[in-house]
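Right, one structure below, let's go through it.
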Amino acid sequence: MQVTETPARADFQRSPGLLSRIDPRENIFRGIVTLAALAVVLIIVLMIYELTHEAWPAITKFGPRFLWSTDWNPPKARFGALPFIAGTLITSLLALIFGTVIGVGASLFLVEFAPPWVRVPVSYMVELLAAIPSVVYGLWGVFVLGPWIQKTAGPFILDYFSWMPFVHGPALSVGILSAVLILTIMILPTIVAISRDVIAAVPRSQREGILALGATRWEMIRIAVLPYARSGVLGAAILGLARAIGETLAVALVIGNSTNVPDSIFSPAYTMASVIANQFREIENDTHEAALIYIGLLLLIITLIVNAIARALVWRVTRGQITTVIE
Amino acid sequence: MIATAARNRRRRKTIDSIASGAIVAAGVGVIVPLVAILGFLLFRGLPALHLDLFTKNPGPTGVDGGGVKSAIAGTLVLLGLSLVMGLPVAIATGVYLAEYGRTRIGFVIRFLVDVLAGVPSITIGIFVYTLVVLNMGKLSSITGSDQKYTAFAGGIALALIMLPIVSRITEEMLLLVPQVTREASYALGVPKWKTITTVVLPAASSGIMTGIVLAMARVAGEAAPLLFTALGNNFYSTGVFRPIDALPLRIFTYATGPFAYQHDQAWASSFVLVMMVLVLSIGGRLVLQRRGG
Chain A
25 MQVTETPARA
35 DFQRSPGLLS
45 RIDPRENIFR
55 GIVTLAALAV
65 VLIIVLMIYE
75 LTHEAWPAIT
85 KFGPRFLWST
95 DWNPPKARFG
105 ALPFIAGTLI
115 TSLLALIFGT
125 VIGVGASLFL
135 VEFAPPWVRV
145 PVSYMVELLA
155 AIPSVVYGLW
165 GVFVLGPWIQ
175 KTAGPFILDY
185 FSWMPFVHGP
195 ALSVGILSAV
205 LILTIMILPT
215 IVAISRDVIA
225 AVPRSQREGI
235 LALGATRWEM
245 IRIAVLPYAR
255 SGVLGAAILG
265 LARAIGETLA
275 VALVIGNSTN
285 VPDSIFSPAY
295 TMASVIANQF
305 REIENDTHEA
315 ALIYIGLLLL
325 IITLIVNAIA
335 RALVWRVTRG
345 QITTVIE
Chain B
9 MIATAARNRR
19 RRKTIDSIAS
29 GAIVAAGVGV
39 IVPLVAILGF
49 LLFRGLPALH
59 LDLFTKNPGP
69 TGVDGGGVKS
79 AIAGTLVLLG
89 LSLVMGLPVA
99 IATGVYLAEY
109 GRTRIGFVIR
119 FLVDVLAGVP
129 SITIGIFVYT
139 LVVLNMGKLS
149 SITGSDQKYT
159 AFAGGIALAL
169 IMLPIVSRIT
179 EEMLLLVPQV
189 TREASYALGV
199 PKWKTITTVV
209 LPAASSGIMT
219 GIVLAMARVA
229 GEAAPLLFTA
239 LGNNFYSTGV
249 FRPIDALPLR
259 IFTYATGPFA
269 YQHDQAWASS
279 FVLVMMVLVL
289 SIGGRLVLQR
299 RGG
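Structural data, given as structure tokens:
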């Protein structure tokens, strides 16, 4: 996407006086589009205000203790969000690690290894992954991935890796591992699309220089390509993280809905987004609703911060390319 | 000395082969999930595809048969509502960003549009719940309906998801229109607002259409923002101020249901939904690429 910057146009914008004297509709038009743009500011402000307002009973009642209390008891109106914060952090960070390793590997494959007749269709297929709706991933997770983990992958992992911490059974079809795998698949398109562009943007001279010194292809990637693309790849990974944190229904269908803090990769759990999706329609009392909106507010704040960091990083490299919006 | 160099060289070659192997494996690996998902959609969805799916409404829970006509109709209504409410603001915002937004305020708004794009859809759902659903009672004299959960609220939620996508693509597409086109219009004495509406926007229209189609593909599959706004409905309803069903909501409900017919219909509905979304997004991307995207 070529964005043409033309400094000449700035002259037209800085002297609207003449134009508007000739035609008052100039100001009306300008006013309308400016109002629309300001509506976006209003939406964000209103969103923060509304969520804070509705969550206020829970914020005043539980205070910051809400963040580290594990007591989630709707009938008794006692609420602590740690199980969900833990669930979100564990699933999205693990998905981030897997997604980044596979995603950057795949981007390197597409840019450095694959001939065009492979690169084009594979890039295309990865983009198709992004178009599949979340709930369809969830359905696939329930009927395909879950049973596979329960019958095949789970027992295998328990046989060979149960010496590792946080790996103990029983392997259920739902739980942390199912959610992590689904999230990994879902954030791959974001990571691949951006890191592919960033890696492709590394100048050829950079590669040729080190190859001329006798480096192998891997040494070229490790020494000349990856450090150059680092901040863009980091931005891609963090955008993927933001997507994983906010992902709702696919996770809600496969994570197993338990309000306990997970202690194994097979534990059923809840994430912040999925607990809202599952419990908001069956609210037991006003405090319950306020507590769930409080979680929604926390989720909003977390994703705002993560997105701001990611976009700052990606913007610096790609100068606001379109891929950052269509995820 | 020579032996050491040779060993060193062999070691580097080995590392290179291992790393290359891992990279190729990752490249092949990313296709596996897509093949697995599309494969199962065909394998489970296609056999369950039946004309009844499109022509019948959901029957009583637990009774075989029935279809998802109400959900398909609901998805179309919700898409229409979100377009009506979202597009004017989205396109106007895009125009502002491209034509008036080379300022500090423009930069802030551009950033906030991207921020809005990153807000989780479930949070959008809760926001619309607090803003619209909780206040529907106050509007009952205007809307003539006493329903809290409405297609209207669902449409707003989807419009908020569409807004950042369409406005950013509109901005990009307007910036692609050559500056000389604008200058030619100014030279004829056409004011800026008229240049934008009659010269620049028409020139960028096919690109903007693409953006709209891609945004439709995105929101057609969203269920999370509809959970507490449109709510879903077991009966056929296309009323704007009533709860309405949607295909993704129906899939979500059926995926967790206990009955085999629900699972079959969930797969078949997913197949229909994915086909719908893929046609929209592949079509959109093809046009976008032809325009040098």
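Line order of the protein sequences matches chains A and B. As numbered in the numbering used here, residues 25 to 351 make up the first sequence, in order. As numbered in the numbering used here, residues 9 to 301 make up the second sequence, in order. Yeah, the Cβ is synthetic: ideal placement off N, Cα and C, and Gly gets one too.
Considering only beta carbons, the part of the segment 166-197 of chain A lying closer than 9 Å to chain B consists of V166, F167, V168, L169, in chain order. Chain-ordered, the chain A residues with CB closer than 9 Å to the CB of B:L139 read L70, M71, E74.
For A:F90, no CB of chain B lies under 8 Å from its own CB, so it is not counted at the interface with that chain. A residue is called buried when at least 16 other Cβ atoms come within 10 angstroms of its Cβ; B:I150 does not meet this threshold and is exposed.
Looking at the DSSP output, B:G88 sits in no beta bridge, so it has no partner there.
In the DSSP annotation of this structure, the continuous segment of the alpha helix (DSSP H) that includes A:T76 starts and ends at 49-86. Interface flag for A:F103 against chain B is unset, since no Cβ pair is found closer than 8 Å. Just so you know, the alpha carbons of B:T206 and A:L70 end up roughly 34 Å apart.
In terms of CA proximity to A:G104, A:L316 leads the group A:L324, A:N302, A:L316, A:L235.
Residue range 112-126 is occupied by the alpha helix (DSSP H) that includes B:F115. The shortest C-alpha to C-alpha distance from B:L105 to any of B:A159, B:I259, B:R176 is the one to B:R176. Contact between the segment 259-278 of chain A and the segment 150-163 of chain A is present: 3 or more CB-CB pairs across the two stretches fall below 8 Å.
B:L239 is bridged by DSSP to B:I252. Taking a cut-off of 8 Å on C-beta distances, the segment 159-170 of chain B touches the segment 220-240 of chain B, as three or more cross pairs fall below it. In the three-state reduction of the DSSP assignment, A:G129 falls in the helix class. The beta carbon of B:A27 sits closer than 8 Å to some beta carbon of chain A. Every unbroken stretch of the alpha helix (DSSP H) spanning 4 or more residues and falling wholly within the segment 279-350 of chain A is given here in chain order: 296-303, 310-342.
Counting the other Cβ atoms within 10 Å of the Cβ of A:H77 gives fewer than 16, which makes it exposed. The criterion of a C-beta distance shorter than 8 Å is not satisfied by B:I117 and B:L168. Taking C-alpha positions only, A:P88 is separated from A:L113 by approximately 18 Å. A:V338 and A:I218 do touch by the CB rule: their CB atoms are close to 6 Å apart, below 8 Å. When DSSP states are grouped into helix, strand and coil, B:N16 belongs to the helix group. With the rule of 3 Cβ pairs closer than 8 Å, the segment 35-54 of chain B does not count as touching the segment 207-225 of chain B.
B:A81 and B:P172 have their alpha carbons spaced roughly 26 Å apart. Between B:D122 and chain A, the shortest Cβ-Cβ separation is below 8 Å. Between A:F53 and B:G292, the alpha-carbon positions lie close to 29 Å from each other. The C-beta distance from B:I204 to B:V97 rounds to 16 Å, too long to meet the 8 Å contact threshold. Within chain B, no C-beta atom comes nearer than 8 Å to that of A:E306; the closest sits roughly 11 Å away. Interface flag for B:I39 against chain A is set, since a Cβ pair is found closer than 8 Å.
Considering only A:A101, A:R267, A:I289, the residue with the shortest C-alpha distance to A:I215 is A:R267. Taking 8 Å as the CB threshold, B:D253 stays off the interface with chain A.
Residue contact with chain B for A:D310: absent (no Cβ-Cβ distance below 8 Å to any residue of chain B).
From the beta-carbon of A:A268, no residue of chain B is found nearer than 9 Å; the closest lies around 10 Å away. Per DSSP, the unbroken alpha helix (DSSP H) holding B:S129 starts and ends at 129-139. Beta-carbon to beta-carbon, B:F135 and A:L75 are separated by about 6 Å, close enough to satisfy the 8 Å threshold. Neighbours of A:W164 across chain B, judged by C-beta separation under 7 Å: I45, F48.
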